[in-house]
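In this note's numbering, the protein residues as written are 1428 to 1473.
Where is the CB? At the ideal position from N, CA and C, for every residue including glycine.
Being a predicted model, the structure only gives us computed values, none of them experimental.
Below you'll find the structure, written out as structure tokens, and then a few comments.
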């Protein structure tokens, strides 16, 4: 969003097919609070 505001368009590539996204939140001791969510970006097949 910042790139779009500053330059009129994004320059950093976004997610591509085959990329993996992992989200995890940890407490101050480094322990996972709710576990990790991990997904691979894939094309939808009809």
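Bridge partner(s) assigned by DSSP for residue i
i	result
residue 1459	1453
residue 1439	In DSSP, residue 1439 forms no bridge with anything.
residue 1448	1466
Alpha-carbon to alpha-carbon, residue j and residue i
i	j	result
residue 1449	residue 1461	13 angstroms
residue 1471	residue 1455	38 angstroms
Contact set for residue i: own chain, Cβ-Cβ below 7 angstroms, skip 5 residues either direction
i	result
residue 1437	1430 and 1431
Beta-carbon proximity list for residue i, same chain, < 8 angstroms, skipping 5 on both sides
i	result
residue 1463	1449, 1450 and 1451
residue 1459	1451, 1452 and 1453
CB-CB length for residue i against residue j, believed under 8 angstroms
i	j	result
residue 1439	residue 1467	The Cβ separation is near 20 angstroms, so there is no contact.
Chain-order list of residues whose beta-carbon lies under 6 angstroms from that of residue i (same chain, five-residue window excluded)
i	result
residue 1465	1449
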